[in-house]
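Before any comments, here is the structure.
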Amino acid sequence: MATNEVLLKDVKPLLRGFECQVIVLQRAEADPHFTRHGEAIYKYIVADKTGSIVLSIWGDRAKCIKSGDILRITGAEAKIRYGLLEMEALRASKVRRIGQDAMCFVEQPNYSEVTPQQLQEQYQQPLQPPRDPRDPAFSGHHHHHHHHPSISQQPPNSAPRLKYSNYPNDRPRRGGGFRGKARRIR
């Protein structure tokens with residue numbers, strides 16, 4: 573493991589020159605953008621075992637990247653674009669394809685879809701603190717002592733899920749997912 577290798581959960585705005593290993597989930601946008609000098613920028617959603625992020629890769633080398641490719645990126649940068657975090661592999665960055673499909677990953681949280689503030693709120697603390705059955709508000713004032721069966725509670729492990737908004741070309745896989753020989757992580 574290289575000394576400056578970073579997991580996606582630790583990617584912070586303005587971090588530069590770091591290395592990471594990710595699996596490509598899908599294109600984030602169907603078509604590349606072009607800079608005013610005519611250089612193509614392709615955007616992908618990539619993931620590792622800590623979450624996913626949008627990765628912009630500069631140059632035509634990105635054309636042949638496809639879902640399931642495992643990439644090692646050296647010299648990556650992170651920046652905030654429209655208030656959300658993105659990772660970039662600029663001209664000077666190295667992008668190597670080191671495999672296909674056999675890598676553990678989770679799709680959530682997607683660090684490019686939520687602001688750092690929202691992340692903290694959604695993933696650092698439970699969605700709703702479980703209410704105490706002794707709390708009078710829990711089951712009305714009449715039944716202080718026994719649990720009212722009609723109160724429905726969320727199942728304990730329903731983690732918050734963020735919706736994919738506008739990725740046109742292929743629907744995200746449901747759940748954390750695993751590909752090929754990669755095992756699902758819980």
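Quick note on numbering: our numbering labels position 110 of the sequence shown as 682, and the sequence is numbered without any gaps.
Cβ atoms here follow ideal geometry from the backbone N, Cα and C, with glycine treated the same way.
{"query": "Just verifying my parser: in three-state terms, what is the DSSP assignment at D632?", "result": "helix"}
{"query": "Hey, quick one: how far does the beta strand (DSSP E) through K615 stretch, first residue to last?", "result": "612-620"}
{"query": "Would you call the CB atoms of R669 and D632 closer than 9 Å?", "result": "no"}
{"query": "Between which residues of its own chain and L662 is the CB-CB distance below 7 Å, once the five residues before and five after are set aside?", "result": "W630, E649"}
{"query": "Would you mind working out which of M675, L643, G655, S665 sits nearest P585, comparing C-alpha positions?", "result": "G655"}
{"query": "Between the alpha carbons of L580 and Q598, how many angstroms are there, rounded?", "result": "17 Å"}
{"query": "Three-state secondary structure (DSSP) at Y736?", "result": "Low per-residue confidence applies at Y736: pLDDT is 42, beneath 50, and the placement is therefore not dependable, though the value from the model is reported in the following sentence. It is coil, neither helix nor strand."}
{"query": "With DSSP collapsed to three states, give me the class of A581.", "result": "Position check: residue 581 holds Lys in this sequence, whereas Ala was assumed. Helix, per DSSP."}
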